[in-house]
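Novice: Before anything else, here's the structure in question.
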Amino acid sequence: MNILGISAFYHDSAATLVRDGEIIAAAQEERFTRKKHDNRFPSNAVEYCLSEGNLTAEQIDYVVFYEKPLVKFERLLETYIAYAPRGFKQFLMGIPLWLRQKLHLPREMDKALNYNYNGRYVFTEHHESHAASAFYPSPFKKAAILTMDGVGEWATASYGVGHGNKIELTHVLHFPHSLGLLYSAFTYFTGFRVNSGEYKMMGLAPYGEPKYYELILEKLVDLKDDGSFRLNMSYLPYCHKTVMTGSKFEELFGGPPRRSESPLTQREMDIAASIQAVTEEILLRAAKHVHRQTGMKNLVLAGGVALNCVGNSRILRDGPFEKIWIQPAAGDAGGALGAALFVWYQLLNNKRKVDGHDKQQASLLGPAYNDEQIRLFLDSVNAKYHTYTNQEELIKKVAELIGQEKVIGWFQGRMEFGPRALGNRSIIGDARSQKMQSVMNRKIKFRESFRPFAPCVLREDAHNYFEMPDEQDSPYMLLTAYVCDDKRSPLNTPLEKLKGLDKLKVKRSSVPAITHVDYSARIQTVDAERHSKLHRLMSRFKETTGCPVIINTSFNIRGEPIVCSPEHAYRCFMATNMDVLVMENQLLYKEEQPQATKHEIDEYKAQFQLD
Ligand SMILES: [Fe+2]
400 MNILGISAFY HDSAATLVRD GEIIAAAQEE RFTRKKHDNR FPSNAVEYCL SEGNLTAEQI
460 DYVVFYEKPL VKFERLLETY IAYAPRGFKQ FLMGIPLWLR QKLHLPREMD KALNYNYNGR
520 YVFTEHHESH AASAFYPSPF KKAAILTMDG VGEWATASYG VGHGNKIELT HVLHFPHSLG
580 LLYSAFTYFT GFRVNSGEYK MMGLAPYGEP KYYELILEKL VDLKDDGSFR LNMSYLPYCH
640 KTVMTGSKFE ELFGGPPRRS ESPLTQREMD IAASIQAVTE EILLRAAKHV HRQTGMKNLV
700 LAGGVALNCV GNSRILRDGP FEKIWIQPAA GDAGGALGAA LFVWYQLLNN KRKVDGHDKQ
760 QASLLGPAYN DEQIRLFLDS VNAKYHTYTN QEELIKKVAE LIGQEKVIGW FQGRMEFGPR
820 ALGNRSIIGD ARSQKMQSVM NRKIKFRESF RPFAPCVLRE DAHNYFEMPD EQDSPYMLLT
880 AYVCDDKRSP LNTPLEKLKG LDKLKVKRSS VPAITHVDYS ARIQTVDAER HSKLHRLMSR
940 FKETTGCPVI INTSFNIRGE PIVCSPEHAY RCFMATNMDV LVMENQLLYK EEQPQATKHE
1000 IDEYKAQFQL D
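Whatever position you read off the sequence shown (first residue = 1), add 399 for our numbering.
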């Protein structure tokens, strides 16, 4: 039985194909259209899923959409009425898309499937989809489920229990009280883009002090012991305005929002630190409450808030659960996957087998390209490349190049599903290099200098470099951990006193390129089962250097979706200062290619809107 899951029309549209309970394919639309967070109907992703499954639309048994549009529309209407006549402008802006597409989803989906699909359309609830995406692929037979995001229909958070093949969500928190929207309001206020820059604000937090923590809890968030809360909406006008914060908010935080791209000041860093601390407090209280209520040992998480890896780690470190598992595509893209699994297990009551391993397949669920396809493309653009018929030779060479501080585009196997590059569409480099953080930010990614880089670490060495329990892994880069004491560099007093962005000047560990200013790192553990080739490469690098850690950042520049095809990868390689590109068994050196001119670099950057 083939089930096609779809999420669309909010942010991060995606499609997934589930066959007899197994995930066959999953991809975000942005990777194909090259428009980041593309929220249009995922026609390309659907087409890819069908081709991966060797299917035509007639052969699909169910198409399932990840939320209930009519209920969502009801929420918009009711919110409008509650605030009327304020909010009329916002209401008018949203209505055309609803009338044109969102209220006619079966019609839109018929069209997208070329009128070849004759089966039923199923609509699951938004948080059911998140919950299903967290529980069904998890390695647990039973677990508590916690979902948190901006908003779905009415729910902004939910919890309950998954057991065998069934999930039951027993409690929900309703709009407008939303941790996701609260976090987004601060994202907006600190000058980053909503639904995109949340990650940056989290990365900025360690530069600041949580000075506003008490103030936020006193004025904005009425937080209960059980982690539920009410927001004081007089500070947060998002129900009736197109902006997320207003004049009362500005009074509280000393002036207007930071204009995007203007210099960051200590105020933004302190605000980021404060809202991050509040978020962690909410998550911890919620986790403790859910633990008490459900009596479960394990917890699964999804919803956009579950991409807050610092928060996830607090739950793991200071919370009551023994193990946690987080859906890698925790945002709305993952709703497509959850919706499809929900139909298979919950509605069709199929048996679920649990064997201690997760069923996410390393989240490598997107398109792959073989050597022949890659060479065909490279020949078409007259690229110069070296094909390695002996893979060990290739690995040896790449390990050597990493050690020479070369920045390497690493394009292998199936593309990742979810926002993180997990070593198949990655840019990699030497984590021991002191200059690498700044080189990669400025010359490769063209992004803000404060942003940290994440490490890949060999699974078997993770506990030697990072403070994490031996049995814990982090294959999806959704947890952070502190660099171990013996890997840290001793600091003298003047260095310890540096504030704000000056903290960047300090070498903090033997792997400085991936050590954030608070000594944390967002870790991906690499094991041989999930990532055979990358694991071999890293093992080789360790053999020659003693270091089991490398930098792993997504293969893209600022504002660009992660590359999907060899063409995307080659163009990104040529437009940036990347030194080497490895696509399957083809290796390209920049200096051997026809030179990309400065003008072309600017042209390339101009294609993507700054995020
Ligand atoms: Fe969501």
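Heads up, the beta-carbon is just placed ideally off N, CA and C, and yes, glycines get one too.
1) With the cut-off set at 8 Å, would you say residue 533 and residue 676 are in Cβ contact?
2) Just the C-alpha distance for residue 798 and residue 759, rounded to the nearest angstrom, thanks.
3) Would you report the Cα separation of residue 957 and residue 599, rounded to the nearest angstrom?
4) Considering residue 711, what are the terminal residues of the beta strand (DSSP E) in which it resides?
5) Report buried or exposed for residue 824, applying the criterion of at least 16 other Cβ atoms within 10 angstroms of its Cβ.
6) I'd like the ranges of any alpha helix (DSSP H) spanning at least 4 consecutive residues and lying wholly in the region 821-864.
7) Taking the runs of the alpha helix (DSSP H) that are 4 residues or longer, which of them lie wholly in the region 701-781?
8) In three-state DSSP terms, what is residue 407?
9) Have a look at 806, 644, 691, 867 and flag the residue whose alpha-carbon is nearest the alpha-carbon of residue 843.
10) Just checking residue 573 against ligand 1 - is the residue's beta carbon closer than 7 Å to any of the ligand's heavy atoms?
11) Distance check for residue 800 and residue 791, CA to CA, integer angstroms please.
12) Give the range of the alpha helix (DSSP H) segment to which residue 565 is assigned.
13) Is it a yes or a no for the region 402-412 touching the region 737-754, going by three-plus beta-carbon pairs under 8 Å?
14) Would a C-beta distance cut-off of 8 Å place residue 925 and residue 808 closer than the cut-off?
15) Thinking C-alpha only, which one of 671, 620, 739 is nearest residue 576?
16) Quick check: the region 422-429 against the region 941-949, are there 3 or more CB pairs under 8 Å?
17) Quick check: is any heavy atom of ligand 1 less than 7 Å from the C-beta of residue 930?
18) Taking the continuous beta strand (DSSP E) assigned at residue 696, which residues delimit it?
19) Secondary structure at residue 950, three-state DSSP: helix, strand or coil?
20) Measuring CA to CA, which of 527, 921, 547 is closest to residue 819?
21) Quick one: using the 10 Å Cβ neighbour count with 16 as the cut-off for buried, is residue 678 buried or exposed?
22) Report the three-state DSSP secondary structure of residue 982 (helix, strand or coil).
23) Could you tell me whether the region 688-700 touches the region 529-544, where touching means 3 or more Cβ pairs closer than 8 Å?
24) With a threshold of 8 Å, are at least 3 pairs of Cβ atoms found where one atom belongs to the region 678-687 and the other to the region 619-633?
25) Alpha carbon to alpha carbon, how far is residue 470 from residue 553?
26) CA-CA distance, residue 779 and residue 964?
27) Ligand 1 heavy atoms versus the CB of residue 411: any closer than 7 Å?
28) State the DSSP-derived secondary structure class of residue 1002, mapped to helix, strand or coil.
29) Taking 7 Å as the cut-off, is the C-beta of residue 548 nearer than that to any heavy atom in ligand 2?
30) Spatial neighbours of residue 999 within its chain, please: CB distance less than 8 Å, with the 5 preceding and 5 following residues excluded, ordered by chain position.
31) Determine the direct distance from the alpha carbon of residue 645 to that of residue 539, and round the result to whole angstroms.
32) By Cβ distance below 8 Å, which residues in the same chain neighbour residue 822 in space, the five residues on each side in sequence not counted?
33) For residue 703, verify whether its CB is less than 7 Å away from any heavy atom of ligand 1.
Specialist: So, to answer that:
1) For the purposes of this step, residue 533 is taken as the residue at position 134 of the sequence shown. For the purposes of this step, residue 676 is taken as the residue at position 277 of the sequence shown. Cβ distance not < 8 Å, so residue 533 and residue 676 don't count as in contact.
2) Locating residue 798 in the sequence shown gives position 399, counting from the first residue. Locating residue 759 in the sequence shown gives position 360, counting from the first residue. Cα-Cα distance, rounded: 28 Å.
3) On the sequence shown, position 558 is the one that residue 957 refers to. On the sequence shown, position 200 is the one that residue 599 refers to. Cα to Cα, the separation comes out at about 12 Å.
4) Along the sequence shown, read from residue 1 onward, the residue named residue 711 stands at position 312. If you look at residue 711, you'll find it isn't in any beta strand (DSSP E); it sits in the alpha helix (DSSP H) that goes 708-717.
5) As a working mapping, residue 824 is identified with position 425 in the sequence shown. Buried.
6) The region 821-864 contains, as complete alpha helix (DSSP H) runs of 4+ residues, the segments 835-838, 861-864 (chain order).
7) 708-717, 732-741, 770-779
8) Along the sequence shown, one-based indexing puts residue 407 at 8. If DSSP states are grouped into helix, strand and coil, residue 407 belongs with coil.
9) Counting from 1 along the sequence shown, the entry for residue 843 is found at position 444. Considering only alpha carbons, the answer is 806.
10) Numbered from its first residue, the sequence shown carries residue 573 at position 174. False, no ligand heavy atom lies under 7 Å from that Cβ.
11) Position 392 of the sequence shown holds residue 791. Position 401 of the sequence shown holds residue 800. Rounded to whole angstroms, the gap between the alpha carbons of residue 791 and residue 800 is 14 Å.
12) Position 166 of the sequence shown, counted from the start, is the residue given in the question as residue 565. That residue, residue 565, is in no alpha helix (DSSP H); its beta strand (DSSP E) goes 565-573.
13) yes
14) Sequence index remark: in the sequence shown, residue 925 carries index 526 (1-based). Sequence index remark: in the sequence shown, residue 808 carries index 409 (1-based). Their beta carbons are not under 8 Å apart, which means residue 925 does not touch residue 808 by this criterion.
15) Walking along the sequence shown from the start, residue 576 turns up at place 177. Residue nearest to residue 576 within the set 671, 620, 739 is 620 (criterion: CA-CA distance).
16) no
17) Along the sequence shown, read from residue 1 onward, the residue named residue 930 stands at position 531. Every heavy atom of ligand 1 is 7 Å or more from the Cβ of residue 930, so no.
18) Walking along the sequence shown from the start, residue 696 turns up at place 297. First-last for residue 696: undefined, no H or E at that position.
19) Your numbering for residue 950 matches position 551 in the sequence shown. Looking at residue 950 - three-state DSSP - the assignment turns out to be strand.
20) Position 420 of the sequence shown, counted from the first residue, corresponds to residue 819. Nearest Cα to residue 819 within the set 527, 921, 547: 921.
21) For this step, residue 678 is matched to residue 279 along the sequence shown. Counting Cβ neighbours within 10 Å, residue 678 comes out buried, since at least 16 surround it.
22) Counted from its first residue, the sequence shown places residue 982 at position 583. Residue 982: strand per DSSP, three-state reduction.
23) yes
24) yes
25) Counting from one through the sequence shown, the residue named residue 470 turns up at place 71. Counting from one through the sequence shown, the residue named residue 553 turns up at place 154. For residue 470 and residue 553, the distance between alpha carbons rounds to 8 Å.
26) Start at 1 with the first residue of the sequence shown, and residue 779 comes out as number 380. Start at 1 with the first residue of the sequence shown, and residue 964 comes out as number 565. Using only the alpha carbons, I get a separation of about 14 Å.
27) Numbered from 1 along the sequence shown, position 12 holds the residue referred to as residue 411. It does not: the Cβ of residue 411 is nowhere closer than 7 Å to a heavy atom of ligand 1.
28) As a working note, residue 1002 is residue 603 in the sequence shown. Of the three classes helix, strand and coil, the one that applies to residue 1002 here is helix, per DSSP.
29) You won't find ligand 2 in this model; what it holds is ligand 1.
30) Indexing the sequence shown from 1 puts residue 999 at position 600. If we look at residue 999 and ignore the five residues flanking it on each side, its Cβ neighbours are 973, 974.
31) Taking the first residue of the sequence shown as position 1, residue 539 is located at position 140. Taking the first residue of the sequence shown as position 1, residue 645 is located at position 246. Their backbone Cα atoms lie some 44 Å apart in a straight line.
32) The residue given as residue 822 occupies position 423 in the sequence shown. Within the same chain, residue 822 has close Cβ partners 809, 811, 855, 923, 925, 930, 933, 951.
33) Here residue 703 is taken as the residue at index 304 of the sequence shown, counted from 1. Checking every heavy atom of ligand 1 against the Cβ of residue 703, one is found closer than 7 Å.
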